[in-house]
Amino acid sequence: MSLKIYNTLTGKKEEFVPIKPGEVKIYTCGVTVYDVNHVGHGRSLIVFDVIRRYLRYLGYNVKFVRNFTDVDDKIINRAKNECLPFTVIADRYIKEYFQDAENFRIEPADVEPRVTTHIPDIIDFIQKLIEKGYAYEVEGDVYFSVRKFKDYGKLSKRSIDELIAGARVEPGEKKKDPLDFALWKASKAGEPAWDSPWGKGRPGWHTECCAMIFKHLGETIDIHGGGLDLTFPHHENELAQAEALSDKPFAKYWVHNGLVTVNGQKMSKSLGNYITLKEIYAKYEPDILRLLVLSVHYRSPLDFSWEKMEETKKAYERLKTAIEDYKIVEKLPENSDFEGHLYDAIAKAEQNFYAAMSDDFNTPEALAALFGLVREMNILKDRAVKEGGISKKALASYKEAANLIHNIGKDMFGLFDSLQPCIKVEDIKVEKEKKEEKIDEELIETLLEVRNIARKQKMFEIADLIRDKLAQQDIVIEDTPVGTKWKKK
RNA sequence: GGCGGGGUAGCCAAGUGGUAAGGCAGGGGACUGCAAAUCCCUUAUACGCGGGUUCGAUUCCCGCCCCCGCCUCCA
Numbered sequence: 002m003s004l005k006i007y008n009t010l011t012g013k014k015e016e017f018v019p020i021k022p023g024e025v026k027i028y029t030c031g032v033t034v035y036d037v038n039h040v041g042h043g044r045s046l047i048v049f050d051v052i053r054r055y056l057r058y059l060g061y062n063v064k065f066v067r068n069f070t071d072v073d074d075k076i077i078n079r080a081k082n083e084c085l086p087f088t089v090i091a092d093r094y095i096k097e098y099f100q101d102a103e104n105f106r107i108e109p110a111d112v113e114p115r116v117t118t119h120i121p122d123i124i125d126f127i128q129k130l131i132e133k134g135y136a137y138e139v140e141g142d143v144y145f146s147v148r149k150f151k152d153y154g155k156l157s158k159r160s161i162d163e164l165i166a167g168a169r170v171e172p173g174e175k176k177k178d179p180l181d182f183a184l185w186k187a188s189k190a191g192e193p194a195w196d197s198p199w200g201k202g203r204p205g206w207h208t209e210c211c212a213m214i215f216k217h218l219g220e221t222i223d224i225h226g227g228g229l230d231l232t233f234p235h236h237e238n239e240l241a242q243a244e245a246l247s248d249k250p251f252a253k254y255w256v257h258n259g260l261v262t263v264n265g266q267k268m269s270k271s272l273g274n275y276i277t278l279k280e281i282y283a284k285y286e287p288d289i290l291r292l293l294v295l296s297v298h299y300r301s302p303l304d305f306s307w308e309k310m311e312e313t314k315k316a317y318e319r320l321k322t323a324i325e326d327y328k329i330v331e332k333l334p335e336n337s338d339f340e341g342h343l344y345d346a347i348a349k350a351e352q353n354f355y356a357a358m359s360d361d362f363n364t365p366e367a368l369a370a371l372f373g374l375v376r377e378m379n380i381l382k383d384r385a386v387k388e389g390g391i392s393k394k395a396l397a398s399y400k401e402a403a404n405l406i407h408n409i410g411k412d413m414f415g416l417f418d419s420l421q422p423c424i425k426v427e428d429i430k431v432e433k434e435k436k437e438e439k440i441d442e443e444l445i446e447t448l449l450e451v452r453n454i455a456r457k458q459k460m461f462e463i464a465d466l467i468r469d470k471l472a473q474q475d476i477v478i479e480d481t482p483v484g485t486k487w488k489k490k
């Protein structure tokens, strides 16, 4: 089944054909490390994490690169405010980033390059642009001549004429043309600086990604990704520089994820309407945010709210319960007269899932396929419980269905990993809203045994007392035909 | 203003030229000592407005209204 991807460059959904058969090179713009990450960053990370996982599932050898912008104006400003070297700021937020990524199970990229460790590559890149006549130096600054690149605007669908109106020259800039952008900035006193052919300075934005892509992936890559807000000017500028230099297509497919909004407004630092990933992590399992992100198509806007997190949590429980209830079905007596099984439903769910994912990563539809299977599983389970038994074949099919959802969820969507102890909660500065619980599982099991003895002897007051006391500790118990389950609320 | 993306039941959200997935909420039921939790069933004359093409449009075309994003840094 062929994969289709929407390409910003062409504005169309296209069949995905990698440049080199069997191999996919992806680059996404990572974060600028000047502050903590919010849900907007999280969405982008999750989206490309899932895209990467799916490509890998399709059998491609995926090489994935995601950078850190670890020197830029914002970092420098923050460093000034805190009277610290900019490297301390950058290191601090790179650490934060890795913590968030780990918490939300974003797989590390194959290469996670930093700008400051690629200065020679960037200088070399700029030098070549100057040699080719696409860039020029003025008093220690180097600018890119936008007008010399005839395809400028092809990614973001803008014409140079339109851009002139909005173009502006910042005080201190020495551009020959307002459209031009800085490749290298002469450093002011006290700012980070590296030696270059044009004197002491630092890289401008845009160039770093090109230099790092050329170095780690080559002059043409398969997929270049990032948030929709990076399309212009960042990606447009990247494309211009790269293609000016190489005379080759820079990226075959440009993939942009939609933005996260709050009450319809873009989540951003400047509006102050952002929710950090730490806050989410303090209140919810990471799976809930992942599922929320996946329940909307990646190109659509996603309006964040806590209500939606609650709804998503319930939907998530539905998936999880279906998997876990295998333990109940398994305990039922065997009944060879039991009719029916799930193999048809499994085949259908699987087929629908992959068809959806192959259609521009339609995760909402893919999830619908899983929920469809969950319903079939529940119907089978209910019937088996009522009939007091299940056939070997039906039981095996339930197990297969549970495994399918579990494995797809885990491998493709990064869900259901909670079997592993969940991360270093103590590193989180945010107050946990949940009570810090140290669950003594054995004690709970014992209490439940006592309660069930009480129930058998119709000593319901004792039974209910135990239930209430556990409830106070956020332990919810559930009496099933094959015993009592419990879980933390 | 230019460019891009949207307006689908109470809410969220897929999708299709032949009357529309899934989730949440609502209603009914099963289960239970009672609950809780869970599950099943189910409701709703849902496709922004007005034209056009068509045997037939929510799906294509045109116009309009409204929302969001980008056009400065931004995932």
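Heads up: the first sequence runs through residues 2 to 490, numbered per our numbering. Beta carbons are placed, not taken as given, at the ideal position from N, Cα and C, and that holds for glycine.
| Query | Result |
| --- | --- |
| Three-state class that DSSP yields for W307 in the structure shown | helix |
| Beta-carbon proximity list for A464, same chain, < 7 Å, skipping 5 on both sides | R452, A455, R456 |
| Residue span of the beta strand (DSSP E) that contains E138, given as start and end | 136-139 |
| Residue range of the alpha helix (DSSP H) that includes P121 | 120-132 |
| Reduced DSSP secondary structure (H/G/I, E/B, other) of V375 | helix |
| Three-state secondary structure (DSSP) of E438 | Caution is warranted here: a pLDDT of 48 is assigned to E438, below 50, making its placement in the model unreliable, and the coordinate value is therefore given only provisionally. E438: coil per DSSP, three-state reduction. |
| Proximity winner among D288, A395, L290, relative to N336 (alpha-carbon distances) | A395 |
| Cβ neighbour criterion (16 or more within 10 Å) applied to G389 | exposed |
| Closest residue to D111 among K64, A367, E103 (Cα-Cα distance) | K64 |
| Close Cβ partners of L529 (< 7 Å) along its chain, the five nearest in sequence each way excluded | As shown, the chain starts at 2 and ends at 490. That puts residue 529 outside it, with no answer to give. |
| C-beta atoms of R391 and F339 nearer than 7 Å | According to the sequence shown, residue 391 is Ile rather than Arg. In this structure, F339 lies closer than 7 Å to I391 by Cβ. |
| Rounded C-alpha distance that separates V66 from P114 | 8 Å |
| Of the listed residues K189, K75, C210, nearest to V34 (C-alpha basis) | K75 |
| C-alpha gap between G220 and E308, whole angstroms | It should be noted that the sequence gives Glu, not Gly, for residue 220. Approximately 45 Å, taken between the alpha carbons. |
| Nonlocal neighbours in the same chain, by C-beta distance under 8 Å from H119, ignoring five residues either side | E209, A212, M213, K216 |
| Candidates D101, Y55, Y28, V116: closest to T70 by CA position | V116 |
| Spatially closest choice to R300 from K328, K133, V256, by CA coordinates | V256 |
| K279 to D223 span [Cα, whole Å] | 33 Å |
| Cβ pair I52, F251 closer than 7 Å | no |
| Segment contact flag, the segment 243-250 with the segment 267-275, C-beta cutoff 8 Å, min 3 pairs | no |
| Candidates V147, Y153, V32: closest to E97 by CA position | V32 |
| Beta-bridge partners of Q266, as assigned by DSSP | V263 |
| Extent of the continuous alpha helix (DSSP H) to which K64 belongs | Looking at the DSSP string, K64 is not in any alpha helix (DSSP H); the run it does join, the beta strand (DSSP E), is 62-67. |
| For A183, the residue or residues it bridges with in DSSP | Y144 |
| Reduced DSSP secondary structure (H/G/I, E/B, other) of H217 | helix |
| Helix, strand or coil at E335 according to DSSP, with G and I counted as helix | strand |
| Cβ shell of S157 (< 6 Å), same chain only, five flanking positions each side left out | T232, F233, E237 |
| Y58: first and last residue of the uninterrupted alpha helix (DSSP H) it sits in | 40-58 |
| The segment 8-20 contacting the segment 192-201, beta-carbon criterion three pairs below 8 Å | no |
| M358 vs A367 beta-carbon contact at 7 Å | yes |
| Cβ-based burial, K490 [other Cβ within 10 Å; buried from 16] | exposed |
| Cα-Cα separation between A187 and I124, rounded to whole angstroms | 13 Å |
| Per DSSP, the bridge partner or partners of G226 | T29, V256 |
| Element boundaries [alpha helix (DSSP H), containing I76] | 74-83 |
| Neighbourhood of E207 by C-beta distance below 7 Å, restricted to the same chain and skipping five residues each side | This sequence places His at residue 207; Glu is not what is there. Excluding residues within five positions, the ones whose Cβ falls inside 7 Å are F182, H235, N238, E239, Q242. |
| Separation of I324 from N408, as counted between CA atoms | 10 Å |
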